[in-house]
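Residue numbers (the numbering used here), protein chains in the order written: chain G, -5 to 441; chain L, -5 to 441.
2 protein chains.
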Amino acid sequence: MEKITQEKLQDALQNQDSFLAFYVDVEPVDLALAIENLDDDDIQKICQWLEDEPLSELIEDADDDLRLRLSSFIDDHRLLSVFNFMQKDDIVDIIGDLPTGRKKALINLMRSGDQKIIKELLKYPEESAGGIMTTSYIAIKANWTVAQSLQRIREIADKSEVIETLYVIDDTKRLIGEVDLRNMLGAQKAQRISTIMDDSVISVQPEVDQEQVARLVSRYDLTSIPVVNKRGAILGIITVDDVIDVIVEEYEEDMLQMAGVNREEDLSSTLSESIRMRLPWLMVNLLTAFLASFTVKMFQNTIEQVVALSATMTIVTGMGGNAGTQTMSILVRELAKREISLKENWKALVKELLLSVVDGAATGIVTAIIVYFMYGNFYLALIIFIAMIGNLLVSGLFGFLVPLGLKKLHADPAISSTIFVTTATDVLGFFIFLGLAKLFISHLAGM
Amino acid sequence: MEKITQEKLQDALQNQDSFLAFYVDVEPVDLALAIENLDDDDIQKICQWLEDEPLSELIEDADDDLRLRLSSFIDDHRLLSVFNFMQKDDIVDIIGDLPTGRKKALINLMRSGDQKIIKELLKYPEESAGGIMTTSYIAIKANWTVAQSLQRIREIADKSEVIETLYVIDDTKRLIGEVDLRNMLGAQKAQRISTIMDDSVISVQPEVDQEQVARLVSRYDLTSIPVVNKRGAILGIITVDDVIDVIVEEYEEDMLQMAGVNREEDLSSTLSESIRMRLPWLMVNLLTAFLASFTVKMFQNTIEQVVALSATMTIVTGMGGNAGTQTMSILVRELAKREISLKENWKALVKELLLSVVDGAATGIVTAIIVYFMYGNFYLALIIFIAMIGNLLVSGLFGFLVPLGLKKLHADPAISSTIFVTTATDVLGFFIFLGLAKLFISHLAGM
C-alpha cells in the first residue's frame, strides 16, 4: 500500500499510463481523499482514464461533495455501466444526492428489475435502517438440506455482502431464523436447515433511525442485522462496515453540535458555507450574552460603588460554565446509551449536588484566599466563596436536568444543552454574586 | 428478547429456578447492565446459580467494575472452568484487571499451553493492537488445495472468531496472503490456495495504538485485521466487534475530555470518584479565570469612570469563546482523521480569519445597535463592534492553531485545546475591549 503525496499524485496525472500504474498501488479510499482538492480538469481526466470497475470503487469511497463532482463528468450511460459494479445501497446513496432531473433520467434508463429495487430503496430516509440496508444477502429455506444450501451459497456468495450469516425465510419471504455458516460447515450434508437454525433473530424495521441500529449492533456484537417489514418479510440487511460509518458519523455530529458546528462542515468548506453554518449559532448565543449583560446592568449601582466586583464576577460565572459542561457531558453520554428517568436516578442527582458543594467549596476557598490578598477585604472573599458554591450548585442542577428535559421533549440533548446550561450559570452566577455584594455593600464600600 | 425491568429482575431473584427461566429470555449484555446496582448478596447468588457457560457470557458482557465484583465471588478453580467458554483475548482482559496475587495464582493453575498464550497476550498494553487481538483465527498454507483448506475450516470453524477471511502463512508462520471464503467456495476443489489468495494484506504490529487500528478498519471497510510481529509472523487478529468498542470508547473519550471529564466517570460513580476526576480540571480552569480577572483589574480605573463597560465586556468574551469552540472542534475532528500541516492548509486558515471578520461584523453590528439603544452612546457601540471583530479574529486564530500546535507537541488536542483557546478569547477579549475604551475614554465619560 502506497502513501499518496501531492507530488506523486501530480506526477501520476501526467498521462493515462502513469495514472493507471499509480492506481494499482493505492487504495481507492486514499485516492478519494487525495483528489478532493484537484481542479475540474484533473477530475475529468481521472473519470476518462479509469475503467468502469476502478471508477466505481473510487466513487464508492468518495465523500458526498466529490461524488457529485465525479458524476458530473460521467454521462448517464457510462454511469449506469459503472453502477454494475456497485451494491444497490451504494447506487441509491449516489443517485439520491443527484439533481432530481438527472436522478429520474438515470432510473428510467435502468432495467425494470433494478428500477423497482432502486425506487423501493429511495423511499427510505437516508439516515434510516432502510436507507443504509443492502439487498445483497443470502436467503435459504428451512426445509432445504445443508447440501442444497451450500450449493446456493456457492452460486451467489460472490454478490453477497455477508456470507457468515444466512437468513432463513418461509414461502412468503418472512424471516424465521438465521444460520451461522460455521454450523453449516460442521453439519451433515443431509441435515435440514430447520434443525440447525437459530429462531431468535434481532431485526429492525426500515423506519428505525440509523443511530438505533448502530446501538443494537454494537450492544449485541452483531456482524449484520436484517431489516424486516411489519409483516416480518425480509427487505435487506445492514452490514457492520456501514454501521461503523454510522457510529463515526453520529459521534462526530454529537461532538460538533455540542460546540455549535454543523457536521457537514470541514476544512474544505467554502467561506459562505461556513458563514451559513456557524453564524446562526453565534446569533443564538448573542441572546444569551445579552441576558447575562442585563443581569450585570441591574447591579450597575453596586459595581459603581465597588469596582473590584467587575474583575471578580467573571470568575464565578466562568467556573460555573466549566462545571456545568462537565455534568452535562456525562448526562449527554449516558442518554446516548440508555433511557434515564429522574425517578430512578434521583440519587445520582443528589450526588451531583453534593459534588457541586464540594467542588464549589474547594475552588471557592482558593479563590477567596487569592481575592483576599488582592483586595484586602474579608467580606469580598466571603462573598465570592459563597457565590462559587451557589453557582456550582446551579451548574450541577442545570447540567443534570437540562439534557433530561430536552430528551423528554424529543429534542437532541447534544445540540442545545450547552446554551441553556451556560445561560443559567452566567445569569444566575452574576445574580448570586452581585446580589450578595449588594446585601453586604456597607462592608465592601471604600475598598 | 425480553426487556429487563427492575421489577422483573427482583422477581427472578426469588430463587434459582425463576432466575434460570428468566435468563433464557434475556440477552447477557442486557442482564449485565441491569444487575450493576444489585448488592453483593444478589451478585453472589447469580454466580452460584448460573452454570459455567452462561456465567462466562455474563462476565464477558459486564463492564470492568462488574467483572471484578463477579469474579470476587467465584473461586479460582471455578473461574478456570468458566474461562473454558471464553476467547483468550477476553480471558486476558479479565485477569488483567484482577489483583496481582490472584492473577498469578490463576495463571499457575492453567495448562501450560494456555499459560504461554495468556502470558504472551498479557505483555501488550490493554489499548494496543496486541491487547485487543484474539488468537482464534484460521491459518492455511499456500500450497494446500481448496479441499484441504475447507476440511481444515470445518474442523476449527467452531472455535474461530472470523471465518470469512482465512490467513495464508508460510512454514515459519509468516503471513503471506489472505483468502476470502467466498472465493474458496466458488473455486475448484483441487485448486491451490496460492492461485486464489490476495497477497496485499493490511496488517498492524502489536504495539500499534488501538485508535490507529480502528482508523484502518473503518477507512478500508475491513471485517478483521491481522496482527504480525516485526518478522511478519502472524500473532493474532482483531475482529470488527472489538473495533466498534474501540471507536465508541475513543469518541467518548474525546467528547468528554473536551469538557474536562474523565471517560471512567458515569452516573454510577461515587462522590469521591467524581471529585477526584473533576476537581483537577476545575482548578486548572481557575487559573484561566484569574488571568482574565487580572486583565479586567488592569482597567479598573477605566471601568470606574464608565461602569457600563462592566455589563458589556462579557458579551465580547462570551462570543469569542463560542466562536473559538466552533473553530477548535472542526480542527480536532479533522486531526482525528488525518495529518494536517499548516503549510498545506494556510488557505483554510485565511478562510477561517475571513470568517471571523464576517461573523464578528455580523454579531458586532447587532450588539452595537442594542448597546446604542441601551446606553445612548455612539462610541461605546463603535468600540464593542470593533472589539467583537477583534476577539473573533483571536478565536479563529487560536481555535485553528492551538489544536495543530498540541498535536505537533504530541499532546492530545481533544484534551487541552479548550483551555488554551478560552484563555486567549477571555484575556485578549477583555484587553481589546477595555483597551479601546481606555483610548476613547473622553467620549465615553459621563454616560
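For glycine and all other residues, C-beta sits at the position ideal for the given N, C-alpha and C. Computed from a predicted model, the values in this text were never measured in an experiment.
In angstroms, rounded to a whole number, what distance separates the CA positions of residue i and residue j?
| i | j | result |
| --- | --- | --- |
| residue 57 of chain G | residue 254 of chain G | 22 Å |
| residue 332 of chain G | residue 28 of chain L | 11 Å |
| residue 295 of chain L | residue 1 of chain G | 58 Å |
| residue 199 of chain L | residue 134 of chain G | 40 Å |
| residue 284 of chain L | residue 286 of chain G | 20 Å |
| residue 73 of chain L | residue 65 of chain L | 7 Å |
| residue 42 of chain L | residue 16 of chain L | 15 Å |
| residue 147 of chain L | residue 157 of chain L | 8 Å |
| residue 34 of chain G | residue 63 of chain G | 8 Å |
| residue 327 of chain G | residue 249 of chain L | 9 Å |
| residue 98 of chain L | residue 38 of chain L | 23 Å |
| residue 276 of chain G | residue 316 of chain L | 7 Å |
| residue 10 of chain L | residue 149 of chain L | 37 Å |
| residue 293 of chain G | residue 215 of chain L | 60 Å |
| residue 85 of chain L | residue 151 of chain L | 20 Å |
| residue 201 of chain G | residue 90 of chain G | 17 Å |
| residue 52 of chain G | residue 406 of chain G | 34 Å |
| residue 47 of chain G | residue 143 of chain G | 30 Å |
| residue 107 of chain L | residue 175 of chain G | 29 Å |
| residue 60 of chain G | residue 352 of chain L | 27 Å |
So, at 6 Å on beta carbons, what are the nonlocal neighbours of residue i in its own chain, with the 5 sequence-adjacent residues on each side left out?
| i | result |
| --- | --- |
| residue 80 of chain G | 50 |
| residue 358 of chain G | 379, 382 and 383 |
| residue 115 of chain G | 86 |
| residue 23 of chain L | 55 |
Can residue i and residue j be called in contact, C-beta distance under 8 Å?
| i | j | result |
| --- | --- | --- |
| residue 356 of chain G | residue 310 of chain G | no |
| residue 159 of chain G | residue 217 of chain G | yes |
| residue 118 of chain G | residue 161 of chain G | no |
| residue 228 of chain G | residue 167 of chain G | yes |
| residue 435 of chain G | residue 278 of chain G | no |
| residue 400 of chain G | residue 411 of chain G | yes |
| residue 313 of chain L | residue 397 of chain L | no |
| residue 444 of chain G | residue 324 of chain L | Outside the displayed span of chain G (-5 to 441) sits residue 444 of chain G, for which this structure offers no information. |
| residue 242 of chain L | residue 350 of chain G | no |
| residue 188 of chain L | residue 136 of chain L | yes |
| residue 388 of chain G | residue 342 of chain G | no |
| residue 415 of chain L | residue 393 of chain L | yes |
| residue 262 of chain G | residue 121 of chain G | no |
Looking only at DSSP bridge pairs, what is residue i linked to?
| i | result |
| --- | --- |
| residue 135 of chain L | L:163 |
| residue 442 of chain L | Past the boundaries of the shown model lies residue 442 of chain L; chain L is included only from -5 to 441, so the question cannot be answered. |
| residue 169 of chain L | L:163 |
| residue 452 of chain L | The question about residue 452 of chain L has no answer here: the residues shown for chain L are numbered -5 through 441. |
| residue 128 of chain G | G:231 |
| residue 122 of chain L | L:203 |
| residue 257 of chain L | None, per the DSSP bridge assignment. |
| residue 174 of chain G | G:159 |
| residue 192 of chain G | G:172 |
| residue 186 of chain L | L:139 |
Given that residue i touches chain B, what residues does it touch there, using C-beta distances under 8 Å?
| i | result |
| --- | --- |
| residue 87 of chain L | Looking for chain B here will not work: the only protein chains present are G and L. |
If I measure Cβ to Cβ from residue i and keep anything under 7 Å in the same chain, skipping five residues before and after, which residues do I get?
| i | result |
| --- | --- |
| residue 431 of chain L | 296, 300, 303, 377 and 438 |
| residue 193 of chain G | 170 and 171 |
| residue 334 of chain G | 328 and 398 |
| residue 128 of chain G | 81, 82, 83, 155, 230, 231 and 233 |
| residue 5 of chain L | 12 |
Using a Cβ-Cβ cut-off of 8 Å (strictly less than) and excluding sequence neighbours within five positions of residue i, which residues of its own chain qualify?
| i | result |
| --- | --- |
| residue 207 of chain L | 123, 126, 198, 219, 232, 237 and 240 |
| residue 169 of chain L | 161, 162, 163, 195, 197, 220, 222, 226, 227 and 228 |
| residue 290 of chain L | 297, 307, 424 and 428 |
| residue 70 of chain G | 96, 99, 100 and 103 |
| residue 347 of chain L | 387, 390 and 391 |
| residue 113 of chain G | 101 |
task = Quick one: which residues of the stretch 335 to 350 of chain L get their C-beta closer than 7 Å to a C-beta of chain G? List them in chain order.
result = 339, 342, 345, 348 and 349
ask   = Listed in chain order, which residues of the stretch 29 to 60 of chain G have Cβ atoms closer than 7 Å to some Cβ of chain L?
value = none
inquiry  = To be precise: take each residue of the stretch 172 to 184 of chain G, compare its Cβ to all Cβ atoms of chain L, and keep it if any distance is under 7 Å. Which residues remain?
reply    = 175, 176, 179 and 180
ask   = Listed in chain order, which residues of the stretch 366 to 398 of chain L have Cβ atoms closer than 8 Å to some Cβ of chain G?
value = 368
query = In chain order, what residues of the stretch 236 to 256 of chain L put their CB closer than 8 Å to some CB of chain G?
reply = 237, 238, 239, 241, 242, 245, 246, 248, 249, 250, 252, 253, 254 and 255
query = Using Cβ-Cβ distances below 9 Å, what residues of the stretch 113 to 139 of chain G are close to chain L?
reply = none
query = Using a beta-carbon distance cut-off of less than 8 Å, what residues from the stretch 269 to 297 of chain L approach chain G?
reply = 269, 272, 273, 275, 276, 277, 279, 280, 282, 283, 284, 286, 287, 288, 290, 291, 294 and 297
Chain-ordered residues of the stretch 303 to 315 of chain G with a beta carbon less than 7 Å from chain L = 304, 305, 306, 308, 309, 312 and 313
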